[in-house]
Amino acid sequence: MKIATWNINGVKARIENLCQWLKDSSPDIACLQEIKSVDENFPRQDIEALGYHVETHGQKGFNGVALLSKMMPDEINRGLPGDDADEQARFIEGVFSVKGGAIRVCSLYLPNGNPPDDPVKYPYKLAWMERLTRFAQNRLLLEEPLILAGDYNVIPEPFDCYDPRAWEGDALFLPKTRAAFRKLENLGLTDATRATTDEAGLYTFWDYQAGAWPKNNGIRIDHLMLSCEAADRLRSVSIEKHVRAWEKPSDHVPVCGYFDFPLAS
513 MKIATWNING VKARIENLCQ WLKDSSPDIA CLQEIKSVDE NFPRQDIEAL
563 GYHVETHGQK GFNGVALLSK MMPDEINRGL PGDDADEQAR FIEGVFSVKG
613 GAIRVCSLYL PNGNPPDDPV KYPYKLAWME RLTRFAQNRL LLEEPLILAG
663 DYNVIPEPFD CYDPRAWEGD ALFLPKTRAA FRKLENLGLT DATRATTDEA
713 GLYTFWDYQA GAWPKNNGIR IDHLMLSCEA ADRLRSVSIE KHVRAWEKPS
763 DHVPVCGYFD FPLAS
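So in our numbering, spot 10 of the sequence shown is number 522, and the numbers just go up one at a time.
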């Protein structure tokens with residue numbers, strides 16, 4: 513089973529690329545972030561025509577997440593628990609049947625947090641990460657395969673960016689941010705990419721500005737975080753970097769995990 517995550521940076525602007533990628537890459541489950549669309553305006557017909565079931569948690573002009581799947585989900589949960597006042601659409605969870613049980617796949621768009629001295633933005637990022645940690649802690653008690661996939665807006669290690677000095681003071685790389693990410697990992701979650709390689713220079717995001725793409729000035733901020741039950745079934749990971757060279761690209765590229773999850777008959 514192929515499970516992918518991709519921040520598409522606006523589904524309306526990227527619908528042709530999204531459909532082409534779905535045809536070429538053919539993920540079984542695709543977790544999308546930053547769809548920037550309310551649910552009723554999401555171009556579901558284009559995607560359903562390719563054989564995908566569509567579930568969204570949208571917001572006008574900002575944020576928004578989606579789950580596209582070749583199989584019908586058994587359950588869908590929208591919104592990250594822990595703050596009823598949070599109106600930002602950043603989290604959706606799907607439960608899917610596989611042979612022998614079920615898997616839980618979440619698409620998440622973690623807050624950016626910049627500028628760090630903003631009295632709201634960075635505290636919101638850290639609070640959201642704490643809520644995510646509590647959520648994961650509760651889900652791990654189920655002892656089911658759990659995949660937390662998405663744009664984390666976290667650079668975990670210095671070799672996950674082209675130049676650590678360029679990111680000093682940025683909310684994506686601050687010590688508090690990385691410590692919060694480590695707290696999530698310390699629950700027993702596995703970073704799928706780093707479970708398969710320790711190679712430097714593996715990036716998932718290149719800014720539109722300052723020639724970041726041709727210079728390969730990238731960062732790795734899109735992650736698949738796995739429970740031990742999911743990590744045990746992980747076979748490989750690919751970063752589909754070629755998508756960044758397409759016309760009208762997102763500034764992110766898909767990250768794909770390949771798992772030994774036989775489909776339910």
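Note that CB positions come from ideal geometry on N, CA and C, so glycine has one too.
- In this structure, the CA atom of LEU620 is about 13 angstroms from the CA atom of LYS637.
- Note on geometry: alpha-carbon atoms of ALA712 and TYR674 lie some 9 angstroms from one another.
- Restricted to the stretch 635 to 692, not a single alpha helix (DSSP H) segment is unbroken, complete and at least 4 residues in length.
- As the crow flies, the alpha-carbon of VAL666 is around 32 angstroms from that of ASP558.
- Here the alpha carbon of ARG732 sits roughly 34 angstroms from the alpha carbon of GLY612.
- Approximately 5 angstroms separates the beta-carbon atoms of PHE717 and HIS764; this is inside 8 angstroms, confirming the contact.
- By the neighbour-count definition (other C-beta atoms within 10 Å, threshold 16), PRO766 is a buried residue.
- Closest in alpha carbon position to MET583, among VAL749, TYR664, ASP772, PHE608, is PHE608.
- Within the same chain, and ignoring the five residues on either side of ALA743 in sequence, the residues whose Cβ sits closer than 6 angstroms to its Cβ are THR702.
- In this structure, the straight-line span from the alpha carbon of LYS548 to that of ILE604 is close to 15 angstroms.
- As DSSP reads the structure, VAL577 sits in a beta bridge with GLN545, HIS569.
- With three or more CB-CB distances shorter than 8 angstroms, the stretch 688 to 702 counts as touching the stretch 629 to 645.
- In the three-state scheme derived from DSSP, where H, G and I count as helix and E and B as strand, LYS582 is classed as coil.
- Judged by DSSP in its simplified three-state form, LEU620 adopts strand.
- HIS565 is a Cβ neighbour of LEU580, given a cutoff of 9 angstroms.
- At least 9 angstroms separates the beta-carbon of PRO668 from that of ARG646.
- The continuous stretches of alpha helix (DSSP H) do not include SER739, and DSSP gives it neither H nor E.
- Pairing GLY662 with ASN519 gives a Cβ-Cβ distance under 9 angstroms.
- Scanning its chain for C-beta atoms nearer than 8 angstroms, with the 5 sequence neighbours on each side dropped, one finds around GLU656 the residues GLY613, ALA614, ILE615, ARG616, SER739, GLU741, in chain order.
- Within the same chain, Cβ atoms closer than 6 angstroms to the Cβ of ALA648 are found at LEU699, the five residues on either side in sequence being excluded.
- Residue state for ARG745 is assigned as coil, using DSSP reduced to three classes.
- Taking the Cβ atoms as the reference, ASN626 lies roughly 4 angstroms from ALA683, within the contact range of under 8 angstroms.
- Per DSSP, the continuous alpha helix (DSSP H) segment holding SER537 begins and ends at 523 to 537.
- Spatial neighbours of LEU562 in its own chain (CB-CB distance under 8 angstroms, excluding positions within 5 residues in sequence) are listed in chain order as CYS531, LEU534, LYS535.
- The Cβ-Cβ distance between ILE515 and PHE771 falls below 9 angstroms.
- In the DSSP assignment, ILE559 falls within the unbroken alpha helix (DSSP H) covering 556 to 560.
- In the structure shown, GLU752 adopts coil according to DSSP, grouped into three states.
- Going by DSSP, LYS514 is part of the beta strand (DSSP E) stretching over 514 to 519.
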